[in-house]
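Asks: Numbering (the numbering used here), first residue to last: 200 to 332.
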Amino acid sequence: MTSKAAETIFDQPVDSDTLGSRIFRARDAAGMEREAVARNIGIKPSTLDSWEKDRSEPKAHHVVRLSGMLGVSPSWMLGGIGKAPLSDTLTDEVRMIRRQLEEIKSFRDQTTAAIDSIEKTLDRILAIDDDEQ
200 MTSKAAETIF
210 DQPVDSDTLG
220 SRIFRARDAA
230 GMEREAVARN
240 IGIKPSTLDS
250 WEKDRSEPKA
260 HHVVRLSGML
270 GVSPSWMLGG
280 IGKAPLSDTL
290 TDEVRMIRRQ
300 LEEIKSFRDQ
310 TTAAIDSIEK
320 TLDRILAIDD
330 DEQ
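1. Looking only at its own chain, which residues have a Cβ that is under 7 Å from the Cβ of R298, when we skip the five neighbours before and after it?
2. Check M268 in the structure and name its three-state DSSP category.
3. Quick check on the burial criterion: 16 or more other C-beta atoms within 10 angstroms. Buried or exposed for V271?
4. Excluding the five sequence neighbours on either side, which residues of its own chain have a C-beta within less than 8 Å of the C-beta of D330, listed in chain order?
5. If you scan the region 236 to 262 from start to end, which runs of the beta strand (DSSP E) of 3 or more residues do you find wholly inside it?
6. Less than 6 Å between C-beta atoms, sequence neighbours within five positions excluded: which residues of the same chain meet that for R221?
7. What are the boundary residues of the alpha helix (DSSP H) that P273 is part of?
8. Distance check for F306 and E251, CA to CA, integer angstroms please.
9. The alpha helix (DSSP H) spanning I215 covers which residue range?
10. According to DSSP, is M295 helix, strand or coil?
11. Which whole-angstrom value describes the C-beta separation of L265 and I240, a residue pair presumed to lie in contact below a C-beta threshold of 8 Å?
12. Compute the Euclidean distance between the alpha carbons of T310 and S215, then round it to the nearest angstrom.
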């Protein structure tokens, strides 16, 4: 009786793309906008753009955060070892839902800012009214 050894990440083909290309592919597969990813890991969108175009490279902690956010392993992100993102299997519907979620998060942020502004204005008006009485 023969037994088949468990498959490891090293048994899979190596992705020979550049680091920047893998970052772009993972972000694209996740259906996330560059600005949203940059905001979530605390960098400028232009920095992420530079990484994706191989003009500069992220530090290790950024690679780990990117990998987690984009649903790929750090080993795939850094060296192309392991499973690539599921970009080819994501349906248009999933991509649309992810975009809608990003829009809703943006609207939430805008609403919070508007509420804060209204509260400050109201506090200012009430403070003036209290001074006049």
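By construction, the Cβ of each residue, glycine as well, lies at the ideal position given by its N, Cα and C atoms. Predicted model, so just to flag it, every value in this text is computed and none were measured.
Replies: On the basis of the supplied data:
1. G230
2. helix
3. buried
4. none
5. none
6. M276
7. Its alpha helix (DSSP H) spans residues P273 to G278.
8. Answer to the nearest angstrom: the Cα atoms are 27 Å apart.
9. According to the sequence provided, residue 215 is Ser. The question's Ile does not apply to it. Here S215 belongs to no alpha helix (DSSP H), and DSSP marks it neither H nor E.
10. helix
11. 6 Å
12. 44 Å
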